[in-house]
Structure formats: structure tokens, C-alpha cells
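A.B. asks: Numbering of the sequence shown is given in the numbering used here, commencing with residue 1 and proceeding in unit increments.
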Amino acid sequence: MIYLGGDHGGWALKKVVKEHLQKQGYAVTDCGNSVFDADDNFPDFVLPVVQGVKADPANRGLLICGTGIGMSIAANHHAGIRAALATNVDYARLARQHNDANVLCLGGRFLDEASAKQMVDIFLTTAVDPNPKYQQRMHAVDGSK
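#1: Say whether the region 116-132 touches the region 74-94, bearing in mind that this needs 3 or more beta-carbon pairs closer than 8 Å, one atom from each stretch.
#2: Taking just the CA atoms, how far does Gly9 sit from Gly70?
#3: How far does the alpha helix (DSSP H) with Leu124 in it reach, from first residue to last?
#4: Determine the extent of the alpha helix (DSSP H) in which Ile81 is found, giving its start and end residues.
#5: Which one or two residues does DSSP pair with Ile2 in a beta bridge?
#6: Are the beta-carbon atoms of Val50 and His20 separated by less than 8 Å?
#7: Run through the DSSP bridge pairs and tell me what Val103 is partnered with.
#8: Out of Gly6, His98 and Val28, which one is the CA nearest neighbour of Pro130?
#9: Let me confirm a value: Gly66 is counted as buried when at least 16 other C-beta atoms fall within 10 Å, else exposed. Which label applies?
#10: Asp100: which of Asn88, Glu113, Cys31 and Ala140 sits nearest, CA to CA?
#11: With a threshold of 7 Å on Cβ separation, who are the neighbours of Phe36 within its own chain once the five nearest residues in sequence on each side are excluded?
#12: Let me confirm a value: Asn88 is counted as buried when at least 16 other C-beta atoms fall within 10 Å, else exposed. Which label applies?
#13: Here's a check: name, in chain order, each residue in its chain whose Cβ is nearer than 7 Å to the Cβ of Thr126, leaving out the five neighbours to either side.
#14: Quick one: using the 10 Å Cβ neighbour count with 16 as the cut-off for buried, is Asp107 buried or exposed?
#15: How many Å lie between Lys133 and Ala38 at the Cα?
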């Protein structure tokens with residue numbers, strides 16, 4: 001399951017990403033915002049996404065705001081969440097491959113649709129590198145040495 005959330009800054013890109021994922025056959029839960037609202041509060045959309053991701057290790061989250069920064073900060077306050085802000089396809093790939101990120105954050109004001117779709121695809125299809133150095137790093141980050 002893919003949990004998707006976005007505020008007014010990510011509203012248009014979230015719609016594009018949702019449609020792209022559904023066309024590929026992914027099950028998507030849209031956690032809002034369902035209508036454009038310039039006064040929305042982005043942390044309201046983070047909570048249902050991180051709860052969905054934490055419910056099953058196979059779930060992934062996508063959060064989109066104007067820059068992706070606010071969403072990544074808010075998401076990373078939740079235990080068990082490793083949210084990564086990506087600005088290009090290499091960041092999206094390495095977020096999964098080396099850091100086992102389970103939430104991808106994107107900046108709706110800074111990405112074109114094609115780049116965002118490519119980054120989402122790479123994030124969702126990249127496996128975590130089993131190299132012990134990456135595993136040790138993630139255990140240390142999660143506080144579970």
C-alpha cells in the first residue's frame with residue numbers, strides 16, 4: 001500500500017503522482033488534501049501517512065509540499081519513519097538503497113511531473129542494499145543497536 005499526502009504546495013503534483021501510481025496498479029490511500037486549500041496545515045497530512053507506513057513494513061509513504069522540507073521534518077519526528085527529501089532520481093534511489101527510507105518527500109514547486117514520476121518509480125522499485133555497513137547505519141539511526 002502506498003500512502004500519499006500533500007498540502008496546498010504539493011496539491012497539483014500529488015494528483016499527478018496518484019494517477020500515475022494507480023495506472024501502474026498500486027493500491028493508493030490518499031490521505032489528503034483532497035481539495036486545494038491555501039490555508040491547510042501540512043502536519044495534518046503527515047500523521048495518516050506515517051501511521052499507514054508503520055502499520056506494515058511493506059507499505060511506503062509519499063509526502064508532497066511546496067519544498068518537501070516541512071513534510072520530511074514532520075515525518076521524521078515519528079519513530080520508525082525514515083523520510084527522505086529527494087530532489088533528483090539519484091537521491092530517490094539512494095534513499096532506499098543505502099538508507100532504507102520508507103517515506104519519500106518531494107517539493108511540488110520545484111519538480112516537473114516527469115521527474116517526480118521517475119523519482120517515485122525508482123523509490124518504489126529500489127531494493128535496500130544488504131551490505132552490513134548500511135544495515136548497521138540504520139540500526140544506529142533507529143536507536144536499535
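Quick reminder that beta carbons are idealized off the backbone N, C-alpha and C, glycines included.
Computed from a prediction, not measured in an experiment: that's the story for all the values here.
C.D. replies: The structure says:
#1: With the cut-off at 8 Å, the region 116-132 and the region 74-94 touch.
#2: Position 70 of the sequence shown, counted from the start, is the residue given in the question as residue 70. Position 9 of the sequence shown, counted from the start, is the residue given in the question as residue 9. A straight line joining the alpha-carbon of Gly70 with that of Gly9 spans about 11 Å.
#3: For the purposes of this step, residue 124 is identified with residue 124 of the sequence shown, where counting begins at 1. Its alpha helix (DSSP H) spans residues Glu113 to Thr125.
#4: Reading the sequence shown from its first residue, position 81 is the one you call residue 81. No alpha helix (DSSP H) holds Ile81; DSSP gives it neither H nor E.
#5: Here residue 2 refers to the residue found at position 2 of the sequence shown. Assignment of beta-bridge partners to Ile2 by DSSP yields Val28 and Arg60.
#6: Taking the first residue of the sequence shown as position 1, residue 50 is located at position 50. Taking the first residue of the sequence shown as position 1, residue 20 is located at position 20. It is not a contact, given that the beta carbons lie outside the stated cut-off.
#7: Along the sequence shown, one-based indexing puts residue 103 at 103. Paired residue(s): Gly61 and Ala83.
#8: Residue 130 sits at position 130 when you count from the first residue of the sequence shown. For Pro130, the nearest C-alpha among the options comes from His98.
#9: Sequence index remark: in the sequence shown, residue 66 carries index 66 (1-based). Taking a 10 Å sphere around the C-beta of Gly66, we find 16 or more other C-beta atoms and assign the residue as buried.
#10: Along the sequence shown, read from residue 1 onward, the residue named residue 100 stands at position 100. Closest option to Asp100, judged by alpha-carbon separation, among Asn88, Glu113, Cys31 and Ala140: Ala140.
#11: As a position in the sequence shown, residue 36 is number 36, starting the count at 1. Taken in chain order, the residues that qualify are His8 and Trp11.
#12: Stepping through the sequence shown from its first residue, residue 88 is reached at position 88. Exposed: under 16 other Cβ atoms inside 10 Å.
#13: By one-based count along the sequence shown, residue 126 stands at place 126. A distance below 7 Å between beta-carbons, with the five flanking residues on each side excluded, links Thr126 to the following residues of its chain, in chain order: Arg93, Arg96 and Gln97.
#14: Counting from one through the sequence shown, the residue named residue 107 turns up at place 107. One point to set straight first is that residue 107 is Gly, not Asp, in the sequence displayed. Residue environment: Gly107 is assigned as buried (16 or more neighbouring CB atoms within 10 Å of its CB, all protein chains considered).
#15: Working through the sequence shown from its first residue, we reach residue 133 at position 133. Working through the sequence shown from its first residue, we reach residue 38 at position 38. Whole-angstrom Cα-Cα distance: 43 Å.
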